Amino acid sequence: MHNPQLNRKGELQHLLTLDGLPAAILKQILDIAEPFTEVAEREVKKLPLLRGKSVFNVFFENSTRTRTTFEIAAKRLSADVINLNVATSSTNKGETLLDTIDNLCAMGADMFVVRHATSGAPYLIADHLRNTGREHISVVNAGDGRHAHPTQGLLDMYTIRHYKKDFSQLTVAIVGDVLHSRVARSEIAALATLGVPEIRVIAPKTLLPTNVERMGVHVYHDMREGLKGVDVVMMLRLQNERMQGALLPSSQEYFKCYGLTQEKLELAKPDAIVLHPGPMNRGVEIDSAVADGKHAVILPQVTFGIAVRMAVMSMLAGQ
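Numbering-wise, the working numbering comes out as the position in the sequence shown, counting from 1, plus 698.
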């Protein structure tokens, strides 16, 4: 079965999901990202790897942080970056997704970074490019519906590897709104591929997908039970904008049961690290004392995110 993300030589051509990507490619991305983390320290923060290439950030859904880190990453590689907030433009006039893409191809695009509220939209675009003979153009999924957010998953893997070195000894807990989280799906796929022996999800029943156990995770509804002895705690944002109806009694109640406090964190290993994809709802998913405390690696995640996105883009551009 051909992986739609790889070209005929087995190299990365699109980054649509981490599910099904070989461990060798995941590790390659993390290895390539390593030297890019130092670019931020240099006086001139530029490398010529994407000089002359046009990267279009096509965001059909808002996300300041993801768009900004992609923009910084592309600019550090010397690409020309064009930001399109399509949520407010042509698709409102009735233009279809693929019409928009065709027009941008006509403007000389080399890469599309796509965020869309509908699961599968980046696949549709990659498929369309293949069917219209434009295989030289790459697609990066910057988050689609409830499906995947591969670069967030990768930057979290980079963060874990940076602090913990070896995946094969870890117990990792993912806490919170797994149901609406495309990040959680990418995390679980990547952790499993990289050989993490125990992946736990901790959430109320209303915030878990049906048959979540099939993803190879251990389910906990009691946070204290779930955090015992873990090495890595990955908090998820409560996605209020995606919730239909009353999935939660109240945010205070949620914080009491599933908010990460210093006291709950003490059940994890003494050297446990805490990640959060942001933006954080302080006092809902995470207590400020934890978010700003010594276990949190939330700001390094953002820094590593730029290096990881640089790695992905340079690989897609064949550099």
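Just so you know, even glycine gets a beta-carbon here, dropped at the ideal spot from N, CA and C. Quick caveat: nothing in here was measured; it's all calculated off a predicted structure.
{"Query": "Chain D within 7 Å of residue 719, Cβ atoms only", "Result": "Although the question refers to chain D, the structure presented lacks it and comprises just one protein chain."}
{"Query": "Per DSSP, the bridge partner or partners of residue 713", "Result": "838"}
{"Query": "Which of helix, strand or coil DSSP assigns to residue 705", "Result": "coil"}
{"Query": "Local conformation of residue 1000 per DSSP, three classes", "Result": "helix"}
{"Query": "Whether residue 821 touches residue 710 by CB criterion (7 Å)", "Result": "no"}
{"Query": "As assigned by DSSP and simplified to three states, the class of residue 973", "Result": "strand"}
{"Query": "Among 1016, 1007, 1017, the one whose alpha carbon lies nearest that of residue 763", "Result": "1007"}
{"Query": "Through-space distance from residue 852 to residue 889, alpha-carbon basis", "Result": "10 Å"}
{"Query": "Nearest to residue 673 (by Cα), restricted to the options 739, 802, 803, 761", "Result": "A query on residue 673 cannot be resolved here, the shown segment of the chain reaching from 699 to 1017 and no further."}
{"Query": "Residue 940 versus residue 878 - alpha carbon distance", "Result": "In this predicted model, residue 940 has a pLDDT of only 49, less than 50, meaning its place in the structure is not dependable enough to derive any value."}
{"Query": "Straight-line gap, residue 867 to residue 894 (C-alpha atoms, nearest Å)", "Result": "7 Å"}
{"Query": "Beta carbon of residue 753 nearer than 7 Å to that of residue 731", "Result": "no"}
{"Query": "Residue range of the beta strand (DSSP E) that includes residue 757", "Result": "752 to 757"}
{"Query": "Three-state secondary structure (DSSP) of residue 808", "Result": "coil"}
{"Query": "Among 811, 875, 992, the one whose alpha carbon lies nearest that of residue 952", "Result": "875"}
{"Query": "Assigned exposure category for residue 961 - 16 Cβ within 10 Å defines buried", "Result": "exposed"}
{"Query": "Contact set for residue 965: own chain, Cβ-Cβ below 7 Å, skip 5 residues either direction", "Result": "922, 925, 926"}
{"Query": "Start and end residues, beta strand (DSSP E) containing residue 871", "Result": "869 to 873"}
{"Query": "Beta carbon of residue 757 nearer than 7 Å to that of residue 844", "Result": "no"}
{"Query": "Cutoff 8 Å; reference residue 971; Cβ partners in own chain excluding five residues on either side", "Result": "857, 858, 861, 862, 929, 930, 931, 993, 994, 995"}
{"Query": "Continuous beta strand (DSSP E) stretch holding residue 931: start and end", "Result": "930 to 933"}
{"Query": "Paired residues, beta bridge with residue 778 - DSSP", "Result": "752"}
{"Query": "Whole-number beta carbon distance between residue 782 and residue 872, since they are thought to touch under 8 Å", "Result": "That pair is no contact at about 32 Å."}
{"Query": "Sequence-distant residues of its chain with Cβ nearer than 8 Å to residue 980 (five each side left out)", "Result": "986, 989"}
{"Query": "Outcome for residue 712 when other beta-carbon atoms lying within 10 angstroms are tallied against a minimum of 16", "Result": "buried"}
{"Query": "Cα-Cα separation between residue 870 and residue 883, rounded to whole angstroms", "Result": "14 Å"}
{"Query": "Residue 982 burial status per 10 Å Cβ neighbour count (16 or more: buried)", "Result": "buried"}
{"Query": "Presumed contact (8 Å Cβ cut-off) between residue 721 and residue 892, rounded CB distance", "Result": "6 Å"}
{"Query": "Outcome for residue 916 when other beta-carbon atoms lying within 10 angstroms are tallied against a minimum of 16", "Result": "exposed"}
{"Query": "Distance, residue 854 Cα to residue 885 Cα", "Result": "8 Å"}
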